[in-house]
Amino acid sequence: MIAGFATRRNPLLVVGFAGIATGLLGGLSPREMLASFGEGFASSRSVTIFVITLPVIGLLERYGLQEQARRLISRFTKLTTGRFLTLYLGLRQITAALGLVSLGGPAQTVRPLVAPMAEAAAEKKYGTLPEKWREKVRSHSSGADTVGLFFGEDCFLAIGSILLITGFVNTTYNQHLEPLHLALWAIPTAVCAFFIHGARLLRLDRQMARELTAGPGAADASAAAEQETAK
1 MIAGFATRRN PLLVVGFAGI ATGLLGGLSP REMLASFGEG FASSRSVTIF VITLPVIGLL
61 ERYGLQEQAR RLISRFTKLT TGRFLTLYLG LRQITAALGL VSLGGPAQTV RPLVAPMAEA
121 AAEKKYGTLP EKWREKVRSH SSGADTVGLF FGEDCFLAIG SILLITGFVN TTYNQHLEPL
181 HLALWAIPTA VCAFFIHGAR LLRLDRQMAR ELTAGPGAAD ASAAAEQETA K
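For what it's worth, the UniProt record's numbering labels the leading residue of the sequence shown as 1, then goes sequentially.
This is the structure we're talking about:
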């Protein structure tokens with residue numbers, strides 16, 4: 001598996017061949033390996049449910065979902081990219097803390113809605129964005145969704161990670177740890193994550209103001225300077 005990922009092979013093929021190799025080393029017959037794959041898929045089939053939403057999202061994008069999102073964000077004159085992403089970060093944390101972890105996500109929310117709205121907030125002030133900054137805004141949009149979900153979901157009692165920790169500790173160390181205790185201790189971490197990552201998002205506004213208002217070549221000059229510093 002390590003060799004497959006190191007050589008940048010298809011992850012699905014790498015995992016599949018790794019499973020087959022493990023089964024052969026464990027002395028399983030082809031029928032038993034196929035049964036193991038089937039049982040594993042059946043027990044975790046809910047993970048693939050997001051595939052159902054992809055055609056719907058594709059149709060919505062085809063009929064102007066991103067354009068409507070850009071038009072909506074352009075009505076808020078004082079809403080910058082950093083402020084918008086900070087608001088989304090807080091909303092994502094709150095919804096994840098209430099157990100609504102599937103409400104957002106890169107495929108169903110970030111790509112069709114959040115990223116275009118963040119780009120529109122920047123284009124409203126600076127015009128057409130350079131490709132470097134367009135990709136940077138998109139990456140920050142995805143990062144806000146990931147950080148919000150990661151630190152927000154642990155505040156929910158019935159999330160898988162909380163139940164896994166409590167089950168492992170209670171079984172291994174003969175403790176009586178309640179999910180509520182872990183969820184309560186996750187709240188300060190989530191608050192700290194919001195302020196730390198929110199500061200990074202607001203700093204994005206200052207970076208854009210410094211580079212994009214200085215002229216069309218300022219961003220390229222800044223990137224070249226960063227590369228020279230790295231060398």
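Note that the Cβ used here is the ideal one computed from N, Cα and C, for glycine as well.
Under a 10 Å Cβ-count criterion, Phe-168 is classified as exposed, with fewer than 16 other Cβ atoms of the shown protein chains found around its own Cβ.
For Ile-196, the enclosing alpha helix (DSSP H) has its first and last residue at 179 to 212.
DSSP, read as helix, strand or coil, puts Ile-159 in coil. Taking all protein chains in view, the Cβ of Thr-81 is crowded by 16 or more other Cβ atoms within 10 Å, so the residue is classified as buried. The segment 82 to 98 makes contact with the segment 139 to 150, as at least three CB pairs between them are under 8 Å.
For the set Lys-124, Ile-2, Glu-131, the Cα lying nearest the Cα of Arg-71 is the one of Lys-124. If only complete runs of 4 or more residues are kept, the segment 46 to 129 shows the alpha helix (DSSP H) at 50 to 62, 65 to 73, 81 to 97, 115 to 126, in order along the chain.
Around the beta carbon of Gly-38, fewer than 16 other beta carbons sit within 10 angstroms, so the residue counts as exposed. Straight across, the Cα-Cα distance linking Arg-134 with Ile-159 is about 34 Å.
With respect to Leu-177, Pro-112 sits apart: the two C-beta atoms are not nearer than 8 Å. Taking the C-beta atoms as reference points, Ala-115 is found no nearer than 8 Å to Met-208. Collapsing the DSSP output to three states places Leu-12 in a helix.
Under the 10 Å beta carbon count, Gly-104 is surrounded by 16 or more other beta carbons and is classified as buried. The DSSP-derived three-state label of Leu-25 is helix. If you draw a straight line from the Cα of Arg-210 to the Cα of Pro-106, it comes to about 29 Å. The beta-carbon distance between Thr-86 and Leu-202, rounded to whole angstroms, is 6 Å. This is short enough to meet the 8 Å contact definition. DSSP places Asp-145 inside the alpha helix (DSSP H), whose first and last residues are 131 to 152. If you check the CB distance, Ala-186 and Asp-154 come in under 8 Å.
Short of 6 Å from the beta carbon of Val-110, and not among the five residues preceding or following it, lie these beta carbons of its own chain, in chain order: Ser-141, Ser-142, Asp-145. Judged by beta-carbon spacing, Leu-79 lies within the 8 Å limit of Ile-73, meaning their Cβ atoms are closer than that value. With 16 or more neighbouring CB atoms inside 10 Å of its own CB, Ala-118 falls in the buried class.
Collapsing the DSSP output to three states places Thr-171 in a helix.
Per DSSP, reduced to three states, the secondary structure at Thr-166 is helical.
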